[in-house]
Amino acid sequence: MLSEEFVSAICGPPLSSNTAISKDIGIYSHTLSPAYSIKSTFKKSSVPVNCLAASETHVFAAQQDKAYVHVYSRLRGNQEAFVAFPERIRCVTLAGDVLIMGTAEGRLMLWETCTGRLVSTPARHVQAVSCVVATPTHILTGSNDSDIHVWSMSQLLELDSAAEPEPERSLSNHRAAITALSANSSVSADTNFCVSASKDKSCIIWNYQTGDALRTLIFPKFPLCVSLDPSSRAICVACEDGTLFVTELFTEKPLLGPSSEEASTVVQIESPFGATPPEVGPASCLSMSYDGTVILTGHPRGQIMRWDISEKNKTPVELANVNAAVTNVVFVSPFPTGKPTKTVNIVKPSQAERIYTFAAQLDPLAAPEARFDSLLNATGFPKEALESAIAAFEQPEVELTEEDELQKHNEEYWEIMKDERILQKDGFWIGPV
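Quick note: the sequence shown uses the numbering used here, first residue 5, plus one each step.
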């Protein structure tokens, strides 16, 4: 059965002297479905908002007000490495085997965890990088200076490049610090868009490849965190007053597309999807499941709340209480990566050497699927089966020679005789009375 897993992180000391929860635990690995449980825990970590990333094999956690990243092995269940960097890390995300980090000095750093290669950009943000998100082709960074920079992934990872990396463009419509970013995974320039949240109480939908602002949404209070649903048809926003908004983009009156209003039209969002109880407080982090049915929010008073999309205007359910401020909730992808290798042990970054060693484990090759299994698991009739059947009908009938016809008749007679012998053995013969 397919299971859904997520990883959460805390920041700060325990809120109460709860002896049921260990004081040293900083990161939790949870199973959401088919039944909720805490799968494993990792100790000695204090992780601020936007500073947690998880892959199939590892968990990366940047530490509060420090230039350190703790690396935990999900396969072995322990802390694998303690990695130091030149500057304090303010946000992280993963793009395959590359850990992308924003620093307090406004730089962007990329660490190839399977080779140890470290790439650093100049400080193109005036203030600290507050959030970072990656797409298949680009990296987007938001900062306290209210700007968003769009970087080319291939340009940043180019080998032996003499030129200093520069952002492709900047998105500068916000008037206050950027609090969160979320982007879809499309590779088409026409459907690429991201959503930025800011302390100016707005969220802006951008086509980040062209730099166009597609629509501006205004909320009653400033948004703390934002997430696009997996199909990029809705935006989930958690605000400072504890309200949660789920805004659909393609309704009868769409916000995007050819039938929508002009991009300059500002939309006021007033009706929340729901709100947390006063004793829980506002959400500090937000994440949506890969099937788009569940939203998880983490809160400063230790709660992880579950929101079901199908239940509108319902109070969220408390999923867990970890007795410390929850700052990060990250879902782990349930889909296979499709890569032939797996990074079992990370390689620490090094800028001193220009010679890198690729360290990875080859996954065992899967046995080829049997034809019957492929037909059984296919939706409808597979294309190969239909083409084979049509080709069989189109083949001309082969004319048999006299010897082939005699051979065919003999084989038919032999089959009839075998059937009669079987019937004689299985039946009863009754003689005359």
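The beta-carbon is built from N, C-alpha and C at its ideal position, and this holds for glycine as well.
Using the Cβ count rule (16 or more neighbours within 10 Å means buried), how would you classify residue i?
| i | result |
| --- | --- |
| M113 | buried |
| F432 | Confidence in F432 is poor, its pLDDT being 45 and thus under 50, which makes the residue's placement unreliable; the coordinate value appears in the next sentence. Exposed, because fewer than 16 other Cβ atoms sit within 10 Å of the Cβ of F432. |
| Y76 | buried |
| F362 | exposed |
| A329 | buried |
| G146 | buried |
| G435 | Low confidence applies to G435: its pLDDT is 45, below 50, so where it sits in the model is not reliable enough to give any reading. |
| G384 | exposed |
| Y417 | exposed |
| F397 | exposed |
| K422 | exposed |
| T255 | exposed |
| N54 | buried |
| A138 | buried |
| H413 | exposed |
| G306 | buried |
| T214 | exposed |
| S288 | buried |
| D408 | exposed |
| G106 | buried |
Under 7 Å, do residue i and residue j count as touching if we go by C-beta distance?
| i | j | result |
| --- | --- | --- |
| D204 | H178 | yes |
| E116 | V336 | no |
| R219 | L248 | no |
| A58 | V11 | yes |
| N327 | L19 | yes |
| V199 | S186 | yes |
| G120 | P353 | yes |
| A279 | G246 | yes |
| V244 | F226 | According to the sequence as given, residue 244 is Glu; it is not Val. Contact: yes. |
| V73 | V87 | yes |
| K343 | Q365 | no |
| I31 | A13 | yes |
| A132 | R94 | yes |
| S236 | N188 | yes |
| Q175 | I152 | Looking at the sequence itself, residue 175 is Leu, so the reference to Gln does not match. A contact, by the Cβ cut-off of 7 Å. |
| N148 | S134 | yes |
| P338 | L6 | yes |
| E172 | S192 | no |
Compare the Cα-Cα distances from residue i to each of the options and report the closest residue.
| i | options | result |
| --- | --- | --- |
| L98 | L56, I31, R121 | L56 |
| H142 | S202, I42, Y212 | Y212 |
| L144 | A201, D101, L410, E274 | A201 |
| Q159 | Y417, A167, S44 | A167 |
| L253 | D233, T119, G246 | D233 |
| R375 | E388, L366, A364, Q365 | E388 |
| C207 | R237, P169, T251, T347 | T251 |
| E265 | V284, V298, L221, S235 | L221 |
| P276 | S156, K318, I29, M309 | K318 |
| E170 | D377, V123, P90 | V123 |
| W311 | V241, P304, P338, S263 | V241 |
| N349 | G16, C118, S26 | C118 |
| H34 | I25, L390, S44, D28 | S44 |
Specify, as a first and last residue, the run of the alpha helix (DSSP H) that residue i falls within.
| i | result |
| --- | --- |
| F385 | Here F385 belongs to no alpha helix (DSSP H), and DSSP marks it neither H nor E. |
| Q159 | 157 to 160 |
Please confirm if residue i has its CB atom under 7 Å from at least one CB of chain B.
| i | result |
| --- | --- |
| Q365 | Here chain B cannot be found, since the structure has a single protein chain. |
For the beta strand (DSSP E) containing residue i, name the first residue and the last one.
| i | result |
| --- | --- |
| Q272 | 270 to 272 |
| Q83 | 82 to 88 |
| C55 | Careful: C55 lies outside any beta strand (DSSP E) and carries neither H nor E. |
| Q307 | 307 to 312 |
| I93 | 93 to 99 |
| H34 | 29 to 37 |
| K47 | 41 to 47 |
| A242 | 238 to 243 |
| L290 | 289 to 292 |
| F249 | 247 to 252 |
| L175 | 173 to 175 |
| I182 | 182 to 187 |
| V123 | 122 to 124 |
Check whether the region 60 to 80 and the region 310 to 324 are in contact - that is, three or more C-beta pairs closer than 8 Å.
No, they do not touch.
Is the region 123 to 132 close to the region 182 to 193, with three or more CB pairs under 8 Å?
Segments in contact, no.
Would you call the region 263 to 275 in contact with the region 284 to 293, where contact means no fewer than 3 C-beta pairs closer than 8 Å?
By the criterion of at least three beta-carbon pairs nearer than 8 Å, the region 263 to 275 is not in contact with the region 284 to 293.
Take every Cβ of the region 45 to 52, pair it with every Cβ of the region 64 to 74, and state whether three or more of those distances are shorter than 8 Å.
Proximity of the region 45 to 52 to the region 64 to 74 meets the contact definition, three or more beta-carbon pairs being nearer than 8 Å.
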